[in-house]
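Asks:
Residue numbers (my numbering), protein chains in the order written: chain A, 1 to 152; chain B, 153 to 304; chain C, 305 to 387; chain D, 388 to 470.
#1: Flag residue 214/B as yes if its beta-carbon sits less than 8 Å from any beta-carbon of chain A, otherwise no.
#2: Alpha helix (DSSP H) containing residue 221/B: first to last residue?
#3: Would you check if the stretch 215-235 of chain B and the stretch 72-85 of chain A touch, i.e. whether three or more CB-CB distances between them fall below 8 Å?
#4: What are the start and end residues of each continuous alpha helix (DSSP H) run of 4 or more residues lying completely inside the stretch 406-466 of chain D, in chain order?
#5: Interface residues of chain C around residue 171/B at Cβ under 9 Å?
#6: Could you name the residues of the stretch 247-281 of chain B whose beta carbon sits closer than 8 Å to any beta carbon of chain C, in the order they occur along the chain?
#7: Who pairs with residue 297/B in a beta bridge, going by DSSP?
#8: Please tell me whether residue 436/D has its Cβ less than 8 Å away from any Cβ of chain A.
#9: Hey, would you say residue 268/B sits closer than 8 Å to residue 387/C, going by beta carbons?
#10: Should the stretch 201-215 of chain B be called in touch with the stretch 122-139 of chain A, which here means at least 3 C-beta pairs below 8 Å?
#11: Could you check which residue in 388/D, 392/D and 464/D has the C-alpha nearest to that of residue 406/D?
#12: Starting from residue 5/A, trace the beta strand (DSSP E) both ways and give me its first and last residue.
#13: Interface residues of chain C around residue 237/B at Cβ under 7 Å?
#14: Would you decide whether residue 126/A is buried or exposed? Buried here means 16 or more other CB atoms lie within 10 Å of its CB.
#15: Roughly how many angstroms separate the alpha carbons of residue 419/D and residue 409/D, rounded to a whole number?
#16: Does any CB atom of chain A fall closer than 8 Å to the CB of residue 292/B?
#17: Taking the straight line between their C-alpha atoms, what separation do you get for residue 112/A and residue 289/B?
#18: Report buried or exposed for residue 212/B, applying the criterion of at least 16 other Cβ atoms within 10 angstroms of its Cβ.
#19: Does the Cβ-Cβ distance between residue 400/D and residue 433/D come in under 8 Å?
#20: Got a sec, what are the start and stop residues for the alpha helix (DSSP H) residue 118/A sits in?
#21: Classify residue 314/C as buried or exposed, calling it buried when 16 or more other Cβ atoms lie within 10 Å of its own Cβ.
#22: Residue 468/D versus chain A: which residues are under 7 Å apart at the beta carbon?
#23: Taking the beta carbon of residue 27/A as the centre, do at least 16 other beta carbons fall within 10 Å, making it buried, or is it exposed?
#24: Residues of chain C with a CB under 8 Å from the CB of residue 245/B: which are they?
#25: Return the CA-CA distance between residue 244/B and residue 100/A, expressed in angstroms with no decimal places.
#26: If we cut at 8 Å on Cβ distances, does residue 228/B have a partner in chain C?
#27: Just how far apart, CA to CA, sit residue 343/C and residue 309/C?
#28: Using a C-beta cutoff of 8 Å, does residue 348/D count as contacting chain A?
#29: Hey, is residue 28/A's beta-carbon within less than 8 Å of any beta-carbon in chain B?
#30: For the 8 Å Cβ check, are there 3 or more pairs between the stretch 30-49 of chain A and the stretch 166-181 of chain B?
#31: Which residues mark the beginning and the end of the beta strand (DSSP E) in which residue 93/A is found?
#32: Between residue 186/B and chain A, is the shortest Cβ-Cβ distance under 8 Å, so that the two count as touching?
#33: Give the straight-line distance between the Cα atoms of residue 411/D and residue 395/D, rounded to the nearest whole angstrom.
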């Protein structure tokens with residue numbers, strides 16, 4: 001289990017290798033990478049700035065990763081979330097999950113992403129090509145996505 | 153869209169970069185990698201051999217990839233499936249999906265994997281540490297997984 | 305027509321492919337299997353568990369009651385286990 | 388107690404953090420917000436859309452009716468938009 005909140009970019013292939021190493025008991029590896037899109041609500045943007053709550057972010061991500069390991073038979077997982085100034089095309093977030101079962105690896109990765117989108121204390125501010133920089137509004141759909149993991 | 157059936161290994165990071173290139177309109181990248189496990193039904197194996205139906209495999213994978221692009225707003229996708237002799241820990245299959253929406257990227261990757269597991273003409277033969285090499289039995293669960301994508 | 309065999313069907317029959325000319329009465333996959341079974345014990349053993357044998361005509365999955373029509377390439381194989 | 392502000396809450400109030408000592412009558416997040424609003428127009432503007440303000444006590448999300456108790460660090464911020 002590895003959690004990092006950083007300004008630096010990450011290398012997806014390297015992060016996978018760091019988890020799998022020489023292991024031969026893994027059956028499935030899922031990665032999700034979120035990247036900065038050049039358009040927001042139909043208007044082009046030049047950059048995006050990501051603020052977070054140091055301390056609370058790491059604490060929350062550790063809790064949610066522990067939950068994921070309780071719910072699914074995971075053999076390893078990584079979350080990396082960048083903050084600071086980013087440009088279109090840049091990586092924002094990476095989730096990697098390893099399991100002997102593909103469905104577990106897929107579900108855990110989706111669960112972690114749904115959490116990151118709706119609960120982790122990050123805020124995006126976009127600078128459009130024309131007009132003023134503005135904070136991105138939360139999407140109701142992201143909260144809804146998380147509720148599908150609620151247990152009975 | 154890229155489909156390859158090959159004996160050679162693949163590099164997950166390189167395959168992602170080949171799809172994303174310098175694009176800035178992508179929001180989500182999902183990869184699934186299937187690897188050879190060192191155990192099968194509780195018994196250790198030394199190797200696995202993968203046979204396929206040249207011609208039919210490629211034809212089927214092209215059809216299913218076209219279907220995925222019809223159903224989800226994908227910006228790119230890759231399927232690589234290896235055949236021949238493989239050892240525990242080796243990569244077997246890679247699916248990469250790119251979309252502006254994370255849910256689309258996740259669902260399309262799962263759909264392609266469910267298809268690969270239950271329809272693509274590949275057959276696995278395992279060589280256990282003790283005893284004779286044997287063909288792997290199909291899992292009913294893999295067929296069931298595919299039916300969840302049936303429409304109406 | 306050309307017949308292809310894969311995995312344990314191939315191993316039991318002992319060949320990867322062959323050219324055959326079945327009699328005109330053989331018009332479906334099912335009838336083709338029945339005719340092949342008369343050709344020797346290796347065939348009758350390979351096709352013993354018929355419900356486990358998948359068939360493809362010209363590289364498309366088909367059911368056992370499918371007509372052969374102008375089929376050029378017919379393949380027999382066990383349930384797939386890739387991915 | 389230490390207050391932290393993030394994103395547009397931070398921008399409107401004009402500071403990232405501050406130490407405050409609210410009166411004893413202030414016992415919940417909601418009461419703390421009402422008290423902060425009396426401290427100046429930048430606060431009343433920042434907290435105008437109360438339902439859009441999330442709060443955390445000692446780095447745990449809480450609702451507005453949560454008691455402050457021995458809170459050391461209280462944070463106010465808009466709905467999150469990471470991932």
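A virtual CB, placed ideally from N, CA and C, is assigned to each residue, including glycine.
Replies: Looking at the coordinates:
#1: On the second chain, position 62 is the one that residue 214/B refers to. Not closer than 8 Å to any Cβ of chain A, the Cβ of residue 214/B fails to qualify, so no.
#2: As a first step, residue 221/B is located in the second chain; it is residue number 69 there, counting from the start. 208-223 is the extent of the alpha helix (DSSP H) around residue 221/B.
#3: no
#4: 416-424 and 428-433
#5: On the second chain, residue 171/B is found 19 positions in, with the first residue counted as 1. Simply none; closest approach about 20 Å.
#6: 265, 268, 269, 270, 271, 272, 273, 274, 275, 276 and 277
#7: Residue 297/B sits at position 145 when you count from the first residue of the second chain. DSSP, once it has assigned bridges, lists no residue as partnering residue 297/B.
#8: Translated into positions along the fourth chain, residue 436/D becomes position 49. With 8 Å as the cut-off, residue 436/D does not count as an interface residue toward chain A.
#9: Here residue 268/B corresponds to residue number 116 of the second chain, with the count starting at 1. Here residue 387/C corresponds to residue number 83 of the third chain, with the count starting at 1. Contact flag set, yes.
#10: no
#11: Mapped onto the fourth chain, residue 406/D falls at position 19. Among 388/D, 392/D and 464/D, the Cα nearest to that of residue 406/D belongs to 388/D.
#12: Position 5 of the first chain holds residue 5/A. First-last of the beta strand (DSSP E) with residue 5/A: 2-6.
#13: Within the second chain, residue 237/B is the residue found at index 85, counting from 1. Going along chain C, no residue has its Cβ under 7 Å from residue 237/B, so there is no contact; the nearest lies around 15 Å.
#14: As a first step, residue 126/A is located in the first chain; it is residue number 126 there, counting from the start. Counting Cβ neighbours within 10 Å, residue 126/A comes out buried, since at least 16 surround it.
#15: If you number the fourth chain from 1, residue 419/D lands on position 32. If you number the fourth chain from 1, residue 409/D lands on position 22. Taking the straight line joining both Cα atoms gives about 7 Å.
#16: The sequence position of residue 292/B within the second chain is 140, counting from 1. No, residue 292/B lies away from the interface with chain A (no Cβ there is under 8 Å from its Cβ).
#17: Looking up residue 112/A in the first chain gives position 112. Looking up residue 289/B in the second chain gives position 137. Roughly 33 Å separates the two Cα atoms.
#18: As a first step, residue 212/B is located in the second chain; it is residue number 60 there, counting from the start. Label assigned to residue 212/B: buried.
#19: For this step, residue 400/D is matched to residue 13 along the fourth chain. For this step, residue 433/D is matched to residue 46 along the fourth chain. Cβ atoms of residue 400/D and residue 433/D: closer than 8 Å.
#20: The residue labelled residue 118/A in the question sits at position 118 within the first chain. Taken as a continuous stretch (DSSP letters only), the alpha helix (DSSP H) holding residue 118/A covers 102-118.
#21: Position 10 of the third chain, counted from the start, is the residue given in the question as residue 314/C. Buried: at least 16 other Cβ atoms inside 10 Å.
#22: Along the fourth chain, read from residue 1 onward, the residue named residue 468/D stands at position 81. Going along chain A in sequence order, the residues near residue 468/D (Cβ under 7 Å) are 122, 123, 124, 136 and 138.
#23: By 1-based counting over the first chain, the position of residue 27/A is 27. Per the 10 Å Cβ criterion, buried.
#24: Locating residue 245/B in the second chain gives position 93, counting from the first residue. By Cβ distance, chain C contributes 386 and 387.
#25: The residue given as residue 244/B occupies position 92 in the second chain. The residue given as residue 100/A occupies position 100 in the first chain. When rounded, the distance between both Cα atoms is 14 Å.
#26: Stepping through the second chain from its first residue, residue 228/B is reached at position 76. Not an interface residue.
#27: Against the third chain, residue 343/C aligns to sequence position 39. Against the third chain, residue 309/C aligns to sequence position 5. Cα to Cα, the separation comes out at about 15 Å.
#28: Examination of residue 348/D is not possible in this model, given that chain D is present from 388 through 470 alone.
#29: One-based indexing of the first chain puts residue 28/A at position 28. Interface residue, yes.
#30: yes
#31: Reading the first chain from its first residue, position 93 is the one you call residue 93/A. From DSSP, the beta strand (DSSP E) with residue 93/A extends over 91-99.
#32: Within the second chain, the letter at position 34 stands for residue 186/B. True, the Cβ-Cβ gap to chain A drops below 8 Å.
#33: Residue numbering aside, residue 411/D sits at position 24 when the fourth chain is read from its first letter. Residue numbering aside, residue 395/D sits at position 8 when the fourth chain is read from its first letter. Taking the straight line from one Cα to the other gives about 28 Å.
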